[in-house]
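There are 2 protein chains.
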Amino acid sequence: MATLHIAVDAMGGDHGTDVTLPGARLALERNPDLTLTLVGPEESLGPWMDALPDLLADRTRVCPERQVVGMADRPSQALRMRSGSTMGRAVAMVHSGEAVAAVSAGNTGALMALSRYQLKTLPGIDRPAICSALPSVDGWTYVLDLGANVAVQAENLLQFGVMGSAVAKIAGGIDNPRIGLLNVGIEAIKGTDSVRQAAPMLEDSGLNYIGFVEGDDIFQGQVDVVVCDGFVGNVALKASEGLSRLLMGSLRHMAHSGLGGRMAATAAMPALRQMGRKFDPRHYNGASLVGLTGIVIKSHGSTDDIGFANAIDTAALEGQAGLPGRIGDLLGDVMSSVLN
Amino acid sequence: MATLHIAVDAMGGDHGTDVTLPGARLALERNPDLTLTLVGPEESLGPWMDALPDLLADRTRVCPERQVVGMADRPSQALRMRSGSTMGRAVAMVHSGEAVAAVSAGNTGALMALSRYQLKTLPGIDRPAICSALPSVDGWTYVLDLGANVAVQAENLLQFGVMGSAVAKIAGGIDNPRIGLLNVGIEAIKGTDSVRQAAPMLEDSGLNYIGFVEGDDIFQGQVDVVVCDGFVGNVALKASEGLSRLLMGSLRHMAHSGLGGRMAATAAMPALRQMGRKFDPRHYNGASLVGLTGIVIKSHGSTDDIGFANAIDTAALEGQAGLPGRIGDLLGDVMSSVLN
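The following block contains the structure:
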């Protein structure tokens, strides 16, 4: 068995095994170092395993579990099931060291609650956060928190800076990530108390802190990591997704409604497809639950097999690099910078 | 002189009179009921007035003022100038009743501070807000607050619902506007304290409250007014603008780089132009400073003449309908609903 072993909640997400199984197969095909444990009911996973080519089946095993955390279940309900759910068992395998990372497309609140309960936060990290990449002019911008914490203190924002910096280095391959603090203006007098207090802490942190940024800077390529509370981050993420869908939908509608004739529709398609590739949320699917002692990746609930495979790829990248240890090291550096 | 008299800060914005004067002229040409006072230095405005056709010049006058609030000035600096600035004098004309509304493309914080200082809030309104329309699938969504208040109480969110409802009726022509409360999820347990406490208040308000909405709902056409604090609203607005610019820029780049050949570029242009018309921020330029005893419209600082003319049009619409009185009436209805 290879060292890069990942636990996959086969039942999470809007489409369950219809997406997770083809996604898992795609990830296995693309990454020869990867081995997977799929957590779900044997009767759903068995036939699929039987149909896998031997080369892939050799790198895959099934962990039988029937109980599933519902997409609308509250975190407290998920916690009451403890590890007795497909999601909980995937996370438990990270805790026991059997797997280097867990991936689920299930209920975000439940996944965060189970991960936090089982894995605990890293020493020096008060609260975990959700971090994902959004497309920018010339690459990607890592934004956190995307919804784990609706209200935060300045210390949390500093810690998010550390966590985001580590993710941008590992998952984004960015050498010395530029970190911005999300605010409503560039004047130091603006913003909430926690944002204003976090600014000098980030300045003294030794991180590559570039100052306040605004909502549009997420997409401008001048910053690699954007730090904010989970309410603001979640709204910014969802607003961007909503606008992106609206714009792409309008474009497709126009291409098909024959505005400018069939020629326009045909001719515009390659451009549309190329646009789609860059802004398709599947291609940056896989949000990291960071600040924990283990690696947990949340896939979009509505993604398809390609998106789910990308979430597994992100888990593999973070697993290979040992994200939690890297965050711990960086936090140590920051703490000695702040104290000196 | 017609009754619809509007005071225009001719010096605000990134481009000053290069944009405000052609914009003012466009608004005069489009709306025969409109008369304007342009506030600015005589030597800048005089030659332009001399060049105006008599029919338009008859509906325009100049209020001489040299002092200008800088785009980077703090609100406190603007307040120290009192009405002795182009922006302050425009607002003062609303206070004195000479003008039914003021329009400025200048510094938002300064405009809000001057407006609040001179005009005061309406009885029953604790804090004014900034409200603007964003494009949705089938129309517009009015979002507030967009940056006047970085932190709010539940009562403020209720009042924003009242103010947004009145703006959507008047500026958007929407009969019984559907109001949503921006949150990170549809479960009642989520969100900040103020958001959770505002929900039952909005339910009892008699307004057409539809419940919690998320960031992507701004663009889906299922809600007409989205209520949130100014930090979240500002980030959502700017993130949307940034992403829109990025997407349209990528499309234009692809169309011009000849991907798919010259034919594609030529053929895609009509679709691009139609897209541009809908998502071009100029076409929904003009944010309302609401909750005050008078009408003040903030134009985007970087807009062009078309955008500035649209901001004047919004001022005219709100002036014609008597927005502050309508907000006062609606607030009275809501207060009796809440008390019954």
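Chains as they are written, first to last, in the working numbering: chain A, 1 to 340; chain B, 1001 to 1340.
We put the CB at the ideal spot given by N, CA and C, even for glycine.
- In the DSSP annotation of this structure, A:L144 is not part of any alpha helix (DSSP H); the continuous beta strand (DSSP E) holding it starts and ends at 139 to 144.
- In the displayed model, A:I306 falls within a helix according to three-state DSSP.
- Residues of the stretch 208 to 230 of chain A with a C-beta less than 8 Å from any C-beta of chain B: E214, G215, D216, D217, I218, F219, Q220, C228, G230, listed in chain order.
- Taking 9 Å as the threshold, the shortest C-beta distance from B:L1079 to chain A does not fall below it.
- Between the stretch 63 to 71 of chain A and the stretch 122 to 141 of chain A, the count of Cβ pairs shorter than 8 Å is below three; the stretches do not touch.
- Within the same chain, T1037, A1090, M1093, A1099, A1102 come within 6 Å of B:A1007 by CB-CB distance, once the 5 residues on both sides are set aside.
- Shown here, B:I1312 sits in a helix according to DSSP, grouped into three states.
- In the structure shown, A:V167 falls within a helical segment according to DSSP collapsed to helix, strand and coil.
- DSSP lists no bridge partner for B:F1160.
- For B:R1030, the enclosing alpha helix (DSSP H) starts and ends at 1017 to 1030.
- Distances from the CA of B:A1239 to each of A:I327, A:T141, A:H253 were compared; the closest alpha carbon is that of A:T141.
- Classified as exposed, A:A151 has fewer than 16 neighbouring CB atoms from the shown chains inside 10 Å of its CB.
- Contact annotation: A:D14 and A:M71 have beta-carbon atoms nearer than 9 Å.
- Here B:N1176 is exposed. Its C-beta has fewer than 16 other C-beta atoms within 10 Å.
- Legend: CB atoms of the stretch 128 to 150 of chain A lying less than 7 Å from CB atoms of chain B belong to residues V137, G147, V150.
- Nothing from the stretch 162 to 178 of chain A brings a Cβ to less than 9 Å from some Cβ of chain B.
- In terms of beta-carbon proximity, B:K1190 lines the interface with chain A, with at least one pair separated by less than 9 Å.
- Bounds of the beta strand (DSSP E) holding A:P64 are 60 to 64.
- Here DSSP, grouped into helix, strand and coil, assigns B:K1120 to coil.
- A check of alpha carbon separations from A:E43 across A:I170, A:N285, A:G242, A:A10 identifies A:A10 as the nearest.
- Note that the stretch 1304 to 1321 of chain B does not touch the stretch 329 to 339 of chain A; fewer than 3 beta-carbon pairs, one per stretch, sit closer than 8 Å.
- In this chain, the beta strand (DSSP E) harbouring B:G1040 covers 1034 to 1040.
- Counting only the Cα atoms, A:D54 lies some 53 Å from B:R1196.
- Contact between A:C228 and A:D145 holds: their C-beta atoms lie close to 7 Å from each other, under 8 Å.
- In the three-state reduction of the DSSP assignment, A:D9 falls in the strand class, which pools E and B.
- Interface annotation, A:S115: not in contact with chain B, CB-CB separation never under 9 Å.
- Taking a contact as a CB-CB distance under 8 Å, the pair A:D73 and A:A110 counts as one, their CB atoms being some 6 Å apart.
- Proximity of chain B to A:L237 at the Cβ level (cut-off 8 Å) is accounted for by G1215, in chain order.
- Within chain A, the residues placing a beta-carbon under 8 Å from that of B:E1241 are G215, D216, ordered along the chain.
- Per the coordinates, the alpha-carbon of B:L1181 lies some 17 Å from the alpha-carbon of B:V1338.
- Between the alpha carbons of A:T60 and A:H300 lies a distance of about 23 Å.
- Neighbours of B:L1182 in chain A, taken as residues whose beta carbon is under 7 Å from its own, are V235 in chain order.
- Against chain A, a Cβ distance below 7 Å from B:V1232 picks out F231, V232, V235.
- Shown here, A:V235 sits in a helix according to DSSP, grouped into three states.
- Remark: C-beta atoms of B:L1246 and A:F219 approach each other more closely than 9 Å.
- Counting the other CB atoms within 10 Å of its CB gives B:P1075 a total of 16 or more, which places it among the buried residues.
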